[in-house]
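Trainee: What follows is a structure written as structure tokens; I'll ask about it next.
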Amino acid sequence: MVKLGINIDHVATVRQARGGREPDPVTAAAICELAGADGITVHLREDRRHIQDRDVELLRKTVKTKLNLEMAAADEIIKIAVRLKPDDVCLVPEKRRELTTEGGLDVHGRKAQLAKVVATLKKAGICVSLFIDPVAGQVRAAAEINADCVELHTGAYAHEFDRRMRRPVKSGFIELERIRESAAMALDLGLTVNAGHGLDYSNVYPVAAIGGMNELNIGFSIIARAMFTGLEEAVREMKVLLPPHPTLSP
Ligand code: PXP
Numbered sequence: 082m083v084k085l086g087i088n089i090d091h092v093a094t095v096r097q098a099r100g101g102r103e104p105d106p107v108t109a110a111a112i113c114e115l116a117g118a119d120g121i122t123v124h125l126r127e128d129r130r131h132i133q134d135r136d137v138e139l140l141r142k143t144v145k146t147k148l149n150l151e152m153a154a155a156d157e158i159i160k161i162a163v164r165l166k167p168d169d170v171c172l173v174p175e176k177r178r179e180l181t182t183e184g185g186l187d188v189h190g191r192k193a194q195l196a197k198v199v200a201t202l203k204k205a206g207i208c209v210s211l212f213i214d215p216v217a218g219q220v221r222a223a224a225e226i227n228a229d230c231v232e233l234h235t236g237a238y239a240h241e242f243d244r245r246m247r248r249p250v251k252s253g254f255i256e257l258e259r260i261r262e263s264a265a266m267a268l269d270l271g272l273t274v275n276a277g278h279g280l281d282y283s284n285v286y287p288v289a290a291i292g293g294m295n296e297l298n299i300g301f302s303i304i305a306r307a308m309f310t311g312l313e314e315a316v317r318e319m320k321v322l323l324p325p326h327p328t329l330s331p
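For the sequence shown, the numbering used here begins at 82 and goes up steadily by one.
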């Protein structure tokens with residue numbers, strides 16, 4: 082069965098909006114696991130805009146399935162990963178001004194630097210994945226620098242799916258085909274194949290059905306959906322706390 086890793090960064094984004102303690106991503110992780118998640122993913126960004134060091138420290142102790150740390154290949158974050166030893170690390174490119182991770186990692190162009198980072202993380206007993214665009218040169222480079230796994234970027238596919246839902250055309254799904262071909266090539270090269278970014282309730286199935294797919298990492302659509310599946314109950318709980326009739330003035 083294809084595994085589901087849940088990215089809980091968006092819970093931390095809501096917490097950071099008020100700078101308080103709620104909602105706590107550590108609690109969110111436990112709820113995801115109770116619901117059947119196969120793993121928990123967090124992205125410790127260099128600017129700490131959502132997930133904080135404290136979250137990763139606590140999640141390392143509390144996650145019972147598998148903790149996947151998404152991170153840039155930056156010295157400060159590498160040190161944290163080596164110290165905390167998440168089960169998996171997924172190396173991603175990171176830009177300060179982006180809303181979310183925009184493209185895949187240029188493994189082909191940064192082979193020497195990334196090879197060292199992969200070796201350091203593997204030496205610490207961490208399984209290393211590289212978040213790449215579904216392009217043959219990047220898949221090959223990932224195998225050449227000894228990564229354990231690739232996570233294929235599904236963002237372009239998600240946009241393609243969206244466009245085609247609005248304006249159906251007869252030609253095939255070019256982006257989906259790219260993911261299929263890259264997945265087959267990665268498997269041939271002995272890499273584990275994951276995928277993620279922009280996957281939601283309508284577009285997930287064709288990617289999940291790709292032969293040999295190990296795990297999908299999904300964040301935004303699940304957290305966004307949770308607001309609507311949970312909103313009614315949250316309002317009811319608040320109503321119960323209010324007195325049924327107007328109280329006397331103080
Ligand atoms: N995989 C990677 C490497 C990501 O950077 C992200 C976004 O943080 C995801 C998966 C999840 O993407 P989404 O939130 O769009 O489901």
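In this text, a Cβ means the ideal position worked out from N, Cα and C, and glycines have one as well.
Would you identify the three-state DSSP class for M152, choosing helix, strand or coil?
Mentor: It is a strand residue.
Trainee: Quick test of the definition: if touching needs 3 or more C-beta pairs under 8 Å, does the region 207 to 218 touch the region 245 to 262?
Mentor: Cβ pair count under 8 Å is three or more, so yes.
Trainee: Find out if the Cβ-Cβ distance for the pair L195, L165 is shorter than 9 Å.
Mentor: Contact flag unset, no.
Trainee: When you compare only the Cα positions, how much space is there between G311 and G190?
Mentor: Cα to Cα, the separation comes out at about 44 Å.
Trainee: Out of N295, K176, R141 and E225, which has the shortest C-alpha to C-alpha gap to E127?
Mentor: With distances taken between Cα atoms, E127 lies closest to K176.
Trainee: Could you tell me the alpha carbon to alpha carbon distance between N298 and T122, rounded to whole angstroms?
Mentor: When rounded, the distance between both Cα atoms is 8 Å.
Trainee: Give me the Cβ distance between V199 and V231, rounded to the nearest whole Å; I'm assuming they're in contact under 8 Å.
Mentor: Incorrect: roughly 12 Å between the Cβ atoms, too far for contact.
Trainee: I believe C113 touches I132 by the beta-carbon criterion, under 8 Å. Please report the beta-carbon distance rounded to the nearest angstrom.
Mentor: Going by Cβ atoms, the distance from C113 to I132 rounds to 14 Å, so no, they are not a contact pair.
Trainee: CA-CA distance, N284 and R247?
Mentor: In a straight line, the C-alpha of N284 is about 13 Å away from that of R247.
Trainee: Closest to N149 by C-alpha separation, out of E138, E157, P325 and D156, would be which residue?
Mentor: Out of E138, E157, P325 and D156, E138 has the C-alpha closest to the C-alpha of N149.
Trainee: H278 to K147, Cα distance in whole Å?
Mentor: When rounded, the distance between both Cα atoms is 19 Å.
Trainee: I think L280 touches A239, with their Cβ atoms under 8 Å apart; what is that distance to the nearest whole Å?
Mentor: Indeed they touch by this definition, with Cβ atoms about 7 Å apart.
Trainee: Look at T235 and V288 and say whether their C-beta atoms are less than 9 Å apart.
Mentor: Against a cut-off of 9 Å, the Cβ pair of V288 and T235 comes out as a contact.
Trainee: Can you tell me where the alpha helix (DSSP H) holding K192 begins and where it ends?
Mentor: Element bounds for K192: K192 to K204.
Trainee: Could you give the residue range of the alpha helix (DSSP H) that holds I207?
Mentor: No alpha helix (DSSP H) holds I207; DSSP gives it neither H nor E.
Trainee: Is any heavy atom of the ligand PXP found at a distance shorter than 8 Å from the C-beta of L280?
Mentor: Flag set: Cβ of L280 near the ligand PXP.
Trainee: Would D167 be called buried (16 or more neighbouring beta carbons within 10 Å of its own) or exposed?
Mentor: Per the sequence shown, residue 167 should be read as Pro rather than Asp. Buried is the call here.
Trainee: Between which two residues does the beta strand (DSSP E) harbouring D169 extend?
Mentor: Here the beta strand (DSSP E) through D169 covers D169 to L172.
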